[in-house]
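Heads up: the sequence shown begins at 1 in the working numbering, then just goes up one per residue.
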Amino acid sequence: MASVIKIYALFLGSALLMFGGGLQGLLLSVRGAEEGFSLLSLGLIGTGWSAGFVAGSITVPIVVRKVGHIRAFSVMAAIGTVTILLNLLLINDVSWILLRALSGFCFAGAAMIVESWLNEVAENKSRGTIFSIYVTINMAASTLGQISMSITGTAGYVPFVLGAISFICAVLPTAMTSSPQPRPLSSAKIDVGLLYRTSPVAAIAAFSVGMANGAFGTLAPVYGHEQGLDAGGISLLFALAAILGAVAQIPFGRLSDHIDRRLVLIGLSGFAAVVGALTVLINPGANWMMFVLFAAYGFAANPIYAVAVAHANDFAKDGDFAKIAGGMLLILGIGLAIGPALASIIMGAWSPVGLFIVTSSFHGALAITAFLRMRLRKSKDASERAPFQPMGGDRQVTPETIVLDPRADSDSPEMGHAEEPVPEELAMQNEDRRDVQDGTI
1 MASVIKIYAL
11 FLGSALLMFG
21 GGLQGLLLSV
31 RGAEEGFSLL
41 SLGLIGTGWS
51 AGFVAGSITV
61 PIVVRKVGHI
71 RAFSVMAAIG
81 TVTILLNLLL
91 INDVSWILLR
101 ALSGFCFAGA
111 AMIVESWLNE
121 VAENKSRGTI
131 FSIYVTINMA
141 ASTLGQISMS
151 ITGTAGYVPF
161 VLGAISFICA
171 VLPTAMTSSP
181 QPRPLSSAKI
191 DVGLLYRTSP
201 VAAIAAFSVG
211 MANGAFGTLA
221 PVYGHEQGLD
231 AGGISLLFAL
241 AAILGAVAQI
251 PFGRLSDHID
261 RRLVLIGLSG
271 FAAVVGALTV
281 LINPGANWMM
291 FVLFAAYGFA
301 ANPIYAVAVA
311 HANDFAKDGD
321 FAKIAGGMLL
331 ILGIGLAIGP
341 ALASIIMGAW
351 SPVGLFIVTS
361 SFHGALAITA
371 FLRMRLRKSK
381 DASERAPFQP
391 MGGDRQVTPE
401 TIVLDPRADS
411 DSPEMGHAEE
421 PVPEELAMQN
431 EDRRDVQDGT
441 I
């Protein structure tokens, strides 16, 4: 019973993080457009987030090894909260780009620490269930954060304060835990060469998804604003895309367990490319057609990364899942950083609908690549594949997410947390805590 309470407390902490992150990401794009920021500046705000997220994924494990999980998490949440509030005080594009990068860094660090605790309390037999619940809660909380903007609006201080409250409250479940400190966080194991040799399609999929979804996640709110939608309409647009994308993961993932996963990638990316092209041609304006197109985009685009990870894992040797998934994570992060900047330039030169020229181009390139690769290599038999696992949004995946993934069990001991001792001070804290629990103090 105690372990169940600990797990659900961690789920609550993660949900609060994702709620604040979902609200902040949507809010800054729309409010920035209302403040008259240039398209390039709005794109660079998204670039800043992704760059900070990747930097946090790489460097936060070092911080945790020095000061421990609780202190590091408290610092990440505190700085993240301050950045949200500073966005309200410093309303200019340069400040928002820098603050968004710092926010991405703190968000990655906080998420990794929560995932580390989950990984510590999860037993092997329940890891798959815990991972699925964790992914579901994260996607739901992020979507609720976006929907909340329809209530708070974008003007004034309320949405910023709500995001800050959500972020700082995420500290409570971990700060109040009586669990011993988990082992040090996992450092990202990255081998891009191994990834490409194992699955060129997965490598290209990671970059294409990063470019397309990075552009969409940052600048689609701007597109909606330019088309005349209010905060409620933009929230609904993103909620539809997120919900249908989450729902689509399971059926398409299970389908990919039984047929060549590249066929599923071709279908999903091809459909997403068609949706993008239709948006460019129709340029629907603020009417029902825009909502249909956004929903269709989310339905097709959201499952692509998870199917690509599963495809790469089909061809991975035992012990290589971490390196391959880490390589995909790095390539995804690069795409997420470049995509918003590139799309903002094209939108400025063309029109706001230029956003979908970018998404359609990269999804189309992925579909063509997957088709060509099918002619060069056969797929693995269904009996030789690990089952598909759903994954959170592309901006929610960290090295600790890879550790929590049940497919990582085959990588032990390499895939486990870094084989470094817990600092002496933290070891003493853990021992003291156990003594209290045992009644010896």
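Cβ coordinates follow ideal geometry from the N, Cα and C atoms, glycine included.
Treat the numbers as computed from the prediction; the structure is a model and nothing was measured.
Mapping the DSSP letters down to three states, classify residue i as helix, strand or coil.
i: glycine 416; result: For glycine 416, the predicted structure reports a pLDDT of 41, less than 50, and the residue's modelled location is therefore unreliable. A value from the coordinates is still provided. Looking at glycine 416 - three-state DSSP - the assignment turns out to be coil, as it is neither helix nor strand.
i: glutamate 115; result: helix
i: aspartate 432; result: Residue placement at aspartate 432 cannot be trusted, given a pLDDT of 42 that sits under 50; the coordinates are not used to answer.
i: glycine 68; result: coil
i: methionine 1; result: Bear in mind that the predicted position of methionine 1 carries a pLDDT of just 46, short of 50, making it too unreliable to give a figure here.
i: glycine 36; result: coil
i: phenylalanine 299; result: helix
i: valine 369; result: Here the sequence assigns threonine to residue 369, which means valine is not the residue at that position. Three-state result, threonine 369: helix.
i: alanine 170; result: coil
i: glycine 327; result: helix
i: methionine 211; result: helix
i: lysine 125; result: helix
i: asparagine 283; result: coil
i: leucine 90; result: coil
i: aspartate 314; result: helix
i: isoleucine 151; result: helix
i: phenylalanine 252; result: helix
i: serine 57; result: helix
i: threonine 398; result: coil
i: leucine 268; result: helix
i: serine 379; result: coil
i: glutamine 389; result: coil
i: glycine 21; result: helix
i: arginine 100; result: helix
i: isoleucine 304; result: helix
i: glycine 46; result: helix
With 16 other CB atoms within 10 Å as the buried threshold, where does residue i fall?
i: tyrosine 223; result: buried
i: asparagine 287; result: exposed
i: valine 125; result: Looking at the sequence itself, residue 125 is lysine, so the reference to valine does not match. Exposed, because fewer than 16 other Cβ atoms sit within 10 Å of the Cβ of lysine 125.
i: alanine 155; result: exposed
i: tryptophan 350; result: exposed
i: leucine 281; result: exposed
i: isoleucine 91; result: exposed
i: alanine 108; result: buried
i: lysine 453; result: Nothing about residue 453 can be reported from this structure: the residues present for the chain run from 1 to 441 only.
i: lysine 66; result: exposed
i: threonine 218; result: buried
i: isoleucine 84; result: buried
i: threonine 129; result: exposed
i: serine 38; result: exposed
i: proline 159; result: buried
i: valine 94; result: exposed
i: isoleucine 45; result: buried
i: leucine 293; result: buried
i: methionine 176; result: exposed
Under 6 Å Cβ to Cβ from residue i, same chain only, skipping five residues before and after it: list those, please.
i: valine 192; result: Gly327
i: arginine 31; result: Thr154
i: phenylalanine 105; result: Gly52, Ala55 and Gly56
i: serine 142; result: Met18 and Gly22
i: asparagine 283; result: Val353
i: glycine 232; result: Ser150
i: phenylalanine 271; result: Ala300
Quick one, which of the options has its alpha-carbon nearest residue i's?
i: glutamate 442; options: Asn87, Arg31, Ile259 and Ile45; result: Outside the modelled stretch of the chain, which goes from 1 to 441, sits residue 442, for which no answer is possible.
i: methionine 391; options: Ala242, Pro284, Ser29 and Phe294; result: Ala242
i: leucine 87; options: Ser103, Ala72, Ser74 and Met76; result: Going by the sequence as given, residue 87 is asparagine instead of leucine. Cα-wise, what sits closest to asparagine 87 is Ser103.
i: leucine 265; options: Tyr8, Ala367 and Leu162; result: Ala367
i: methionine 443; options: Gly339, Ala205 and Gly276; result: Residue numbering for the chain in the displayed model covers 1 to 441; residue 443 lies beyond these limits and cannot be assessed.
i: glutamine 249; options: Ala300, Ala220, Ala231 and Ala295; result: Ala300
i: isoleucine 345; options: Val397, Gly43, Thr47 and Met290; result: Gly43
i: leucine 195; options: Leu244, Leu330, Gly48 and Gly80; result: Leu330
i: leucine 255; options: Pro387, Ser95 and Ala9; result: Pro387
i: threonine 401; options: Met347, Phe371 and Ala306; result: Ala306
i: leucine 229; options: Asn213, Gly270, Ala206 and Met290; result: Met290
i: threonine 279; options: Ser361, Gly267 and Ala206; result: Ser361
i: isoleucine 334; options: Thr47, Asp381, Leu355 and Gly163; result: Thr47
i: phenylalanine 371; options: Ala277, Leu10 and Val201; result: Val201
i: aspartate 314; options: Gly298, Ala382 and Gly364; result: Ala382
i: leucine 336; options: Ser208, Gly298 and Gly245; result: Ser208
i: isoleucine 204; options: Gly364, His225, Gly298 and Trp49; result: Gly364
Just to confirm my understanding: we take residue i, look at its own chain, exclude 5 residues before and 5 after, and list those with CB closer than 8 Å. What are they?
i: glycine 13; result: Val114, Ala170, Val171, Leu172, Pro173 and Thr174
i: leucine 26; result: Gly145, Gln146, Met149, Pro221, Ile234, Ser235 and Phe238
i: isoleucine 7; result: Leu118, Val121, Ala122 and Ile130
i: serine 132; result: Gln389 and Pro390
Could you tell me if the beta carbon of residue i falls within a distance shorter than 8 Å of some heavy atom in the ligand NAP?
i: serine 351; result: Because no ligand of any kind appears in the structure shown, any question about the ligand NAP cannot be addressed here.
Taking 9 Å as the threshold (beta carbon to beta carbon), is residue i in contact with chain C?
i: valine 307; result: As a matter of chain content, chain C is missing from the structure shown, which is built from one protein chain.
Just to confirm my understanding: we take residue i, look at its own chain, exclude 5 residues before and 5 after, and list those with CB closer than 7 Å. What are they?
i: serine 199; result: His311, Ala312 and Phe315
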